[in-house]
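Undergrad: For reference, the structure I am asking about is given below.
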Amino acid sequence: MSDDSGLWLLALGPAGGVGLYWALYRYYRNTDKSHAFERETKVETKPVTGSDTQVGTNNGTRDRRISGDNVSDYRERVERIRNDSG
Amino acid sequence: MANNPPKFTGPGSPRDVPPASGDPGFDPYNMPAPVREEVLKPDPVALDTNAEELKDGTNHCPKCASTDIRQKPGTDLLVCAFCRNEWQGERVEEEFALGVGQDQLDGTIIASGARDIAADEAVLRTFKCNCCGAEVTINTESEMTARCHWCRNVFGVNQQVANGAVPDAVLPFHIKKDDAIARIRQFVDKRRFFALKAFKEEFTPENVISVYMPYMIVDGKATAQVQGKGEIETRKYTRGSGNNKTTYYDADVYQVDRRMDFTVDDLPLESSAERADLNTGHNTNNIINTIQPFDTKNAVKWNAQYLRGCSSEKRDLDVEQMKPRLVDQLLSIARAKVEGSVNRYDRGVRWEKEGLKVHGSRWVAMYLPVWLYSYYQQDSGMLHYIAVNGRTGETMGSVPVQQWKLILVSLTAGTIIEGLAIWFMTVAS
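From first to last, the protein sequence lines are chains S and R. So the mapping is simple: my numbering equals the position in the first sequence, first residue as 1, plus 323. So the mapping is simple: my numbering equals the position in the second sequence, first residue as 1, plus 59.
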């Protein structure tokens, strides 16, 4: 065991306590629930078109995923391309 | 010359660039009054769902003409309390062809019950009983039927008044009260230990009420576009030795563009401003939002008799006010749908820009059935709902928690884990 791995073990207690609190709180209050319209609405799509162009490399990174990965955060809005309309 | 075919070139022919939509090609204000009035008259609503036969406010049994009509519990049938005759309301899906043509939508089509709410339209409406002539007042904020206090004739608000209270369609309750009570009881029984003491003591699911909630059911046709960066791992290696090992990754970075045409069928949006506010910091409206979806395909044409004995909430949002929410949800749907096309980026994708063009949308106002149990938490001022979907029985709720109990248990658990961690560290060193 290295020195720093011993220190993170100390964080287990507070993390476990807070984690349990939030898990139980959410089970009772269900604040994280909403209608999953992305999955539960009938949607018909035409084939997806698009392009993929290599623009560079990201070598020697220690991150397991791309920074700012939001491929599954469907409801997180990003910058809007103008010319769109409601 | 009158028999000559129309010219295909030159002014006035299809070779001309057509005027903008809605532009008559001349200034109507310079025209004589009758022409001006005709040109400036509002367009007819695209979908007129108003029921002509119910305009006088009374709905007669087709067999005996009695007005004492109720919904048969658990079905979409109406039943006459006088002669027991039963009949089925017309499904709007077929009646107004709402299930087809999504890919041909162009512009905003608004059904007559979803039209803009007139600001001066009163909530309290007075109707003249056509049996005895007495005047009966109905508060359309929460009720849509009343019984004449003189002759016991039953009234319904059937004509589409412009205060937003009368929708195009209604989805009748299928889940009965006993069933709803059982579901609420079961839901709470699984959440008793940490529940607020006062909540447990006052828990009476028999007080559940049947409410028709206002929604807009939207069909839409849109094109979405997303742009971002994606990464594909090309190499993974480890540097260092022993405890100082670190894993590094090499990746190729791609510019990813995606574009998709799609149509949605029956996307429900809350059409009451209060219900559309899903801020869980100060309300529990997300509970009512969660029990969706409803089988909106089975909705029947508006008839106030379906609402007898139920309360209802009035719509207070117009289509234009709801469009930003439609765009937001369509963007979310598009993002979910394009995910499958970027699977090759095993290090994920960071979407940086997105756009949406709505080509057409069709809006139908609908009342959807909800069994609602509510509890007002005094100290925090929070109204907690437990809601049961009146069609599918899906149940969701917010049970107030006894904070000191929950914190005590969490602290205890944290202390035990911490103790174990310290013990493990001591043993290991």
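Quick reminder that beta carbons are idealized off the backbone N, C-alpha and C, glycines included.
Considering only residues of the same chain and omitting the five flanking positions on each side of LEU470 of chain R, which have a CB-CB separation below 7 Å?
TA: none
Undergrad: Give me the Cα-Cα distance between VAL517 of chain R and ILE234 of chain R, rounded to the nearest whole angstrom.
TA: As shown, chain R starts at 60 and ends at 488. That puts residue 517 of chain R outside it, with no answer to give.
Undergrad: Using a Cβ-Cβ cut-off of 8 Å, state whether ARG403 of chain S counts as contacting chain R.
TA: yes
Undergrad: Should VAL486 of chain R be labelled buried (16 or more other beta-carbon atoms within 10 Å of its own) or exposed?
TA: The residue in question, VAL486 of chain R, is exposed, as its Cβ has fewer than 16 Cβ neighbours within 10 Å.
Undergrad: What does DSSP give as the partner residues of ARG387 of chain S in its beta bridges?
TA: DSSP output for ARG387 of chain S lists no bridge partner at all.
Undergrad: Report yes if the C-beta distance between THR126 of chain R and ASN212 of chain R is below 8 Å; otherwise report no.
TA: yes
Undergrad: Take VAL394 of chain S and list the residues in its own chain whose beta-carbon comes closer than 6 Å to its own, dropping the five residues that flank it on each side.
TA: none
Undergrad: Under the rule that 16 or more other beta-carbon atoms within 10 Å means buried, what is GLY340 of chain S, buried or exposed?
TA: Burial of GLY340 of chain S is indicated by the presence of at least 16 other C-beta atoms within 10 angstroms of its C-beta.
Undergrad: For LEU337 of chain R, go through chain S and note every residue whose CB falls closer than 7 Å to its CB, in chain order.
TA: Per Cβ cutoff of 7 Å: SER357.
Undergrad: For SER391 of chain R, return the contacting residues in chain S, with the cut-off set at a CB-CB distance below 7 Å.
TA: Residues of chain S passing the Cβ test: GLU361, TYR397, ARG398.
Undergrad: Please classify ASP326 of chain S as buried or exposed, where buried requires at least 16 neighbouring CB atoms within 10 angstroms.
TA: Per-residue confidence for ASP326 of chain S stands at a pLDDT of 49, beneath the threshold of 50, marking its modelled position as unreliable; no derived number is given.
Undergrad: Does the segment 474–484 of chain R come close enough to the segment 253–267 of chain R that 3 or more CB-CB pairs lie under 8 Å?
TA: no
Undergrad: When DSSP labels each residue in this structure, what does ALA224 of chain R get in the three-state scheme?
TA: coil
Undergrad: Going along the chain, which residues of the segment 236–269 of chain R sit with their C-beta nearer than 8 Å to a C-beta in chain S?
TA: ARG250, PHE253, ALA254
Undergrad: Measure how close the beta-carbons of VAL229 of chain R and VAL359 of chain R come, nearest whole angstrom, since I'm counting them as under 8 Å.
TA: Here VAL229 of chain R really is in contact with VAL359 of chain R; their C-beta atoms are around 6 Å apart, less than 8 Å.
Undergrad: With 16 as the cutoff for other CB atoms within 10 Å, does ASN302 of chain R come out buried or exposed?
TA: Burial call: exposed.
Undergrad: In three-state DSSP terms, what is ASN357 of chain R?
TA: Helix, per DSSP.
Undergrad: For TYR344 of chain S and PHE252 of chain R, I'd like the C-alpha separation in whole angstroms.
TA: 14 Å
Undergrad: Identify the contact partners of ARG385 of chain S in chain R, using a Cβ-Cβ distance below 8 Å as the criterion.
TA: THR305, THR306, TYR307, TYR308
Undergrad: Within a Cβ cutoff of 7 Å, which residues of the same chain sit near ASP227 of chain R, ignoring the five residues on either side of it in sequence?
TA: THR108, VAL151, ALA170, SER171, GLY172, ALA173, TRP361, VAL423, ALA424, MET425
Undergrad: Mind listing which residues of the segment 414–435 of chain R have their C-beta closer than 7 Å to chain S's C-betas, in chain order?
TA: Contact annotation: in the segment 414–435 of chain R, residues whose CB is within less than 7 Å of a CB in chain S are GLY414, LEU415, LYS416, VAL417.
Undergrad: Is the shortest distance between the beta-carbon of ASP375 of chain R and the beta-carbons of chain S less than 8 Å?
TA: no
Undergrad: Give the range of the beta strand (DSSP E) segment to which ASN344 of chain R is assigned.
TA: Not the beta strand (DSSP E): ASN344 of chain R falls in the alpha helix (DSSP H), residues 344–349.
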